[in-house]
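Reminder that position 344 of the sequence shown reads as 344 in our numbering, one-by-one numbering, no gaps. Every residue gets a Cβ at the ideal spot worked out from N, C-alpha and C, and that includes glycine. Reading through the structure tokens given below for one structure.
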Amino acid sequence: MESLLEKLCAYSQSEIYPFHMPGHKRNVGALGREFPNPYRIDITEVEGFDNLHHAEGILKDFMQRAAEIYGSDESFYLINGSSCGILSAVSACVPRRGEILIARNCHKAAYYAVLQNELKAEYVYPQEIESLGIPGGILPEDVDKRLEENPDIQAVLIVSPTFDGMVSDIKKIAENVHRRGKILIVDEAHGAHLPFGKDGDFPSSALKNGADIVIESLHKTLPCLTQTAILHVKKGYLTDTQMEKLKMYLSVYQSSSPSYVLMAGMEYGISFMERQGQEALARLKERLTDFREKCRCLSEIYVPGKEIIGSFGVWDLDESKIVMVLRHHLASGKWLLDYLRSAHKLEMELCAPQYVLALTSVMDEQEGMERLFAALCAADRKVLENNQADALKMQKISRYNKKGSPERALTIFDAMEQEKAVCPIAACEGKISGAFVYVYPPGIPCLVPGERITREIILQIEEYLYLDLEVCGMADSREYGLKVLKESVEK
Numbered sequence: 001m002e003s004l005l006e007k008l009c010a011y012s013q014s015e016i017y018p019f020h021m022p023g024h025k026r027n028v029g030a031l032g033r034e035f036p037n038p039y040r041i042d043i044t045e046v047e048g049f050d051n052l053h054h055a056e057g058i059l060k061d062f063m064q065r066a067a068e069i070y071g072s073d074e075s076f077y078l079i080n081g082s083s084c085g086i087l088s089a090v091s092a093c094v095p096r097r098g099e100i101l102i103a104r105n106c107h108k109a110a111y112y113a114v115l116q117n118e119l120k121a122e123y124v125y126p127q128e129i130e131s132l133g134i135p136g137g138i139l140p141e142d143v144d145k146r147l148e149e150n151p152d153i154q155a156v157l158i159v160s161p162t163f164d165g166m167v168s169d170i171k172k173i174a175e176n177v178h179r180r181g182k183i184l185i186v187d188e189a190h191g192a193h194l195p196f197g198k199d200g201d202f203p204s205s206a207l208k209n210g211a212d213i214v215i216e217s218l219h220k221t222l223p224c225l226t227q228t229a230i231l232h233v234k235k236g237y238l239t240d241t242q243m244e245k246l247k248m249y250l251s252v253y254q255s256s257s258p259s260y261v262l263m264a265g266m267e268y269g270i271s272f273m274e275r276q277g278q279e280a281l282a283r284l285k286e287r288l289t290d291f292r293e294k295c296r297c298l299s300e301i302y303v304p305g306k307e308i309i310g311s312f313g314v315w316d317l318d319e320s321k322i323v324m325v326l327r328h329h330l331a332s333g334k335w336l337l338d339y340l341r342s343a344h345k346l347e348m349e350l351c352a353p354q355y356v357l358a359l360t361s362v363m364d365e366q367e368g369m370e371r372l373f374a375a376l377c378a379a380d381r382k383v384l385e386n387n388q389a390d391a392l393k394m395q396k397i398s399r400y401n402k403k404g405s406p407e408r409a410l411t412i413f414d415a416m417e418q419e420k421a422v423c424p425i426a427a428c429e430g431k432i433s434g435a436f437v438y439v440y441p442p443g444i445p446c447l448v449p450g451e452r453i454t455r456e457i458i459l460q461i462e463e464y465l466y467l468d469l470e471v472c473g474m475a476d477s478r479e480y481g482l483k484v485l486k487e488s489v490e491k
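Here is the structure:
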């Protein structure tokens, strides 16, 4: 049997180019010479190396340096990824059984925070770019309206930029949130690189635009190791009690034995960006601009750019995310993902029914961009050649309006506590969900426990299954079963 290590080594030596995280892109030519074999530097809390959960020495010093670099009042290493930062921020800012406003396109970690703290979650929905099948941004007026309707909400959590690079108007959202005395938490997992770019090349960070707590995944867009992230705090609206609770929860949700290899990698990656980030991002920006210009010749594949800014709640666009949309439904995102992998040895980050996403970073090389463009040209021709067969397949999929909030019959916590039953998906309409259901990646739930299942949700899940996407949360994917509350079956 092949071991994981053997498989990883074989993969790293293959011709597959990574258009996915982590942001170091396995670019050992640029990074590996300075970073030693991890076995040589893997230690525990020995004298002189500080303790992450009671930092007073070398770790405290660099976290303070990171705060200066990013412009926060305090910054904290996260060695359990952005997920533990989201869990900690929500736990600190919203009391148990309190209320929170969440952007519906948030990562599953946000919903787990709601579950853990028995919170009541209200939702604000991103605008929908229906022609592209992509969520847009969150409108500030929608946030304000939801806060007005639900005055007991204590904090707001939104994601910006999204997986697809859509940036919301954080400055205006922050003004609305603060005017009502609430806390704004921004999941900026895909934006750790933003503060290092020249003005105008990339969007400004949420921290700069007024957010109170910002969580960033260093491993997604910086040359850092998987599982590393950072949490930034601006203290103007946070109380002393909330700050104390935040620090406490960071210890609760992180390992008591943090990896010094990971923390050294975080220091190394941030220092690299401080020294070379602006120049490296300028090179990346030039390559991305050239790539999008060349993609204008494609007839069936569209790569959105700055032209979508100002519509659909999109305040700005992080162009390091390359979204490749199948224009006329003549093929699916899953087909394009598989084609790029099998025919051109290009591994993407994710696919959706209508598009594929490639992630780039400062560690990408020109060769990768050239290979991707050549592959898209070949894919474009292939879609045109095979459009009749693919069009017939796509006609079987129902198209529907995905907007609107599902009815919440119970809170997530209360639903998870109840007895479950398995129901065939076709018979689930009107029943109450007993599980999270989502495509991974990106891990954004289309259904959460306690919500009443609608015909639209059933069609959406059936579409994902039909397109052979990785649907998590199914009780039995082979039989198309969903977990529902037993009492909703018996009624």
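Going by DSSP, which residues form a beta bridge with residue i?
| i | result |
| --- | --- |
| I215 | D187, L231 |
| S433 | V484 |
| I129 | I134 |
| P36 | Note: P36 sits in no beta bridge, so no partner. |
| V471 | V439 |
| C423 | L482 |
| V124 | A103 |
| I444 | V439 |
| R452 | I432 |
| Y17 | L346 |
| R408 | E451 |
Tell me, to the nearest whole angstrom, how far the beta carbon of residue i is from that of residue j; I am working on the premise that it is less than 8 Å.
| i | j | result |
| --- | --- | --- |
| I129 | Y355 | That pair is no contact at about 10 Å. |
| L207 | G269 | With 8 Å as the limit, L207 and G269 do not qualify as a contact, their Cβ atoms being about 18 Å apart. |
| G85 | I215 | 4 Å |
| C224 | G265 | 5 Å |
| L250 | F76 | 6 Å |
| V124 | D142 | 5 Å |
| V437 | V471 | 7 Å |
| H328 | E286 | Their Cβ separation, rounded to whole angstroms, is 31 Å, which puts H328 and E286 out of contact at 8 Å. |
| C93 | Q154 | 6 Å |
| D212 | I185 | 7 Å |
| R17 | G368 | The identity of residue 17 in the sequence shown is Tyr, whereas the question assumes Arg. Rounded, the Cβ-Cβ distance is 5 Å, consistent with contact. |
| V489 | A421 | 5 Å |
| L139 | Q116 | Going by Cβ atoms, the distance from L139 to Q116 rounds to 29 Å, so no, they are not a contact pair. |
| L147 | L194 | No, L147 and L194 are not in contact; Cβ-Cβ is about 26 Å, not under 8 Å. |
| Y70 | H232 | 6 Å |
| S496 | A113 | Since the first and last residues shown for the chain are 1 and 491, residue 496 lies out of range. |
Answer with buried or exposed for residue i, where buried requires no fewer than 16 other C-beta atoms within 10 angstroms of its C-beta.
| i | result |
| --- | --- |
| S398 | Since pLDDT at S398 reaches only 45, below the 50 mark, its modelled position is unreliable, and no value is offered. |
| Q395 | Annotation note: pLDDT 44 at Q395 (below 50); position unreliable, coordinate value reported separately. Exposed is the call here. |
| L234 | A small correction: the amino acid at residue 234 is Lys; Leu does not occupy that position in the sequence shown. Looking at its Cβ environment, which holds 16 or more other Cβ atoms inside 10 Å, K234 is buried. |
| N386 | exposed |
| R104 | buried |
| P424 | exposed |
| H54 | exposed |
| R452 | buried |
| L346 | buried |
| P22 | buried |
| G473 | buried |
| G29 | exposed |
| Q64 | exposed |
| A426 | exposed |
| E2 | exposed |
| Q388 | The predicted model places Q388 with a pLDDT of 42, which falls under 50 and marks its position as unreliable, so this point remains unresolved. |
| C9 | exposed |
| N492 | Not covered by the structure: residue 492. The range shown for the chain is 1 to 491. |
| E307 | exposed |
| Q252 | Correcting the residue identity first, residue 252 is Val in this sequence and not Gln. Exposed. |
| D61 | exposed |
| L5 | exposed |
| L392 | Reliability of the predicted coordinates at L392 is poor, the pLDDT of 40 falling under 50, and the value obtained from them is presented with this limitation in mind. Answer is exposed; the Cβ neighbour count stays below 16. |
| S58 | The residue you asked about is not Ser; residue 58 is Ile in the sequence shown. Exposed, because fewer than 16 other Cβ atoms sit within 10 Å of the Cβ of I58. |
| D390 | A caution first: D390 carries a pLDDT of 49, below 50, which makes its placement in the model unreliable, though a value can still be read off. Label assigned to D390: buried. |
| S131 | exposed |
| S320 | buried |
Mind the definition here: the segment 178-190 touches the segment 31-48 only if three or more C-beta pairs lie below 8 Å; say whether that holds.
No, they do not touch.
Pairing CB atoms from the segment 316-328 with CB atoms from the segment 193-202, are three or more of them under 8 Å?
Contact check between the segment 316-328 and the segment 193-202: three or more CB pairs, one atom from each, fall below 8 Å, which counts as touching.
Any chance you could list the beta strand (DSSP E) runs of at least 3 consecutive residues sitting entirely within the segment 52-114, in chain order?
DSSP runs (the beta strand (DSSP E)) wholly in the segment 52-114: 74-78, 99-103.
Start-end ranges of the alpha helix (DSSP H) lying completely within the segment 287-348, minimum 4 residues
Entirely contained in the segment 287-348, the alpha helix (DSSP H) runs reaching 4 residues are, in chain order, 333-344.
Decide yes or no for the touch test of the segment 326-336 against the segment 350-364: beta carbon pairs closer than 8 Å, at least 3 of them.
Three or more Cβ pairs closer than 8 Å define a contact, and the segment 326-336 meets that threshold against the segment 350-364.
With a floor of 3 residues, list each beta strand (DSSP E) that falls wholly inside the segment 218-275, ordered by position along the chain.
Counting only unbroken stretches of 3 or more residues, the beta strand (DSSP E) elements lying wholly within the segment 218-275 are 229-233, in sequence order.
Quick one: complete beta strand (DSSP E) runs, 3+ long, within the segment 147-209?
With a minimum length of 3 residues, the continuous beta strand (DSSP E) runs that stay inside the segment 147-209 are 153-159, 183-187.
In chain order, what are the residue ranges of uninterrupted beta strand (DSSP E) at least 3 long that sit wholly in the segment 347-389?
List check, beta strand (DSSP E) in window: 355-359.
Using 8 Å as the threshold, is the segment 407-421 in touch with the segment 378-385, meaning 3 or more CB pairs across them?
No, the segment 407-421 does not touch the segment 378-385.
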